[in-house]
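The numbering used here numbers the first residue of the sequence shown as 775 and each following residue consecutively.
See structure below.
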Amino acid sequence: MKKIFAALLMTLASLQASAWDGVTSGKITRIEGVGGAGGAGNFDFRVYLSAGTPPCPTNNVPPPLWSYINAADANYKSIVSMLLMAQASNKTVTIYSNNAAGYCQIAWVIITD
Numbered sequence: 775m776k777k778i779f780a781a782l783l784m785t786l787a788s789l790q791a792s793a794w795d796g797v798t799s800g801k802i803t804r805i806e807g808v809g810g811a812g813g814a815g816n817f818d819f820r821v822y823l824s825a826g827t828p829p830c831p832t833n834n835v836p837p838p839l840w841s842y843i844n845a846a847d848a849n850y851k852s853i854v855s856m857l858l859m860a861q862a863s864n865k866t867v868t869i870y871s872n873n874a875a876g877y878c879q880i881a882w883v884i885i886t887d
């Protein structure tokens with residue numbers, strides 16, 4: 775019984791770990807970078823995709839059509855480099871994001887094409 779319970783617990787834990795608030799795909803249509811005047815952690819690097827829909831559920835009105843990553847976030851430089859390369863190469867990007875205070879924070883990026 776303990777083994778079954780442990781297996782069930784591990785399964786449920788792995789499902790939660792792979793959950794994202796939003797997934798959106800498309801070509802990058804616009805990139806914004808916020809400098810020091812905006813203050814650190816002010817949605818430092820923003821990405822708009824051609825999907826034209828909000829990248830994650832939010833109660834903000836109107837909902838933002840961009841995802842962001844802050845300089846203090848894990849793998850910031852790598853993710854920004856990937857996104858810049860994808861835009862320059864006109865590649866399709868899939869962004870997995872989580873709602874952070876009503877805005878879509880980038881958690882994972884996949885580039886295809």
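The beta-carbon is built from N, C-alpha and C at its ideal position, and this holds for glycine as well.
Taking 8 Å as the cut-off, the beta carbon of Thr-886 is found no closer than this to the beta carbon of Gly-800. Boundaries of the beta strand (DSSP E) harbouring Lys-801: 796-807, taken from the DSSP string.
Taking a C-beta distance under 8 Å as the contact criterion, Gln-879 and Tyr-822 do not qualify as a contact pair. The beta carbon of Asn-834 is closer than 6 Å to those of Gly-876 in its chain, skipping five residues each way along the sequence. At the C-beta level, Asn-873 and Asp-795 come within 8 Å of one another. In this structure Thr-868 touches Val-797 by the C-beta definition: roughly 7 Å separates them, less than 8 Å. If you compare the alpha carbons of Val-854, Asn-849 and Pro-831 with that of Ile-805, the shortest gap goes to Val-854. Shown here, Ser-824 sits in coil according to DSSP, grouped into three states, outside any helix or strand. Annotation: the continuous alpha helix (DSSP H) that includes Val-854 extends over 850-863. Sixteen is the threshold: since fewer than 16 other Cβ atoms of the shown chains lie within 10 Å of the Cβ of Ser-863, the residue is exposed.
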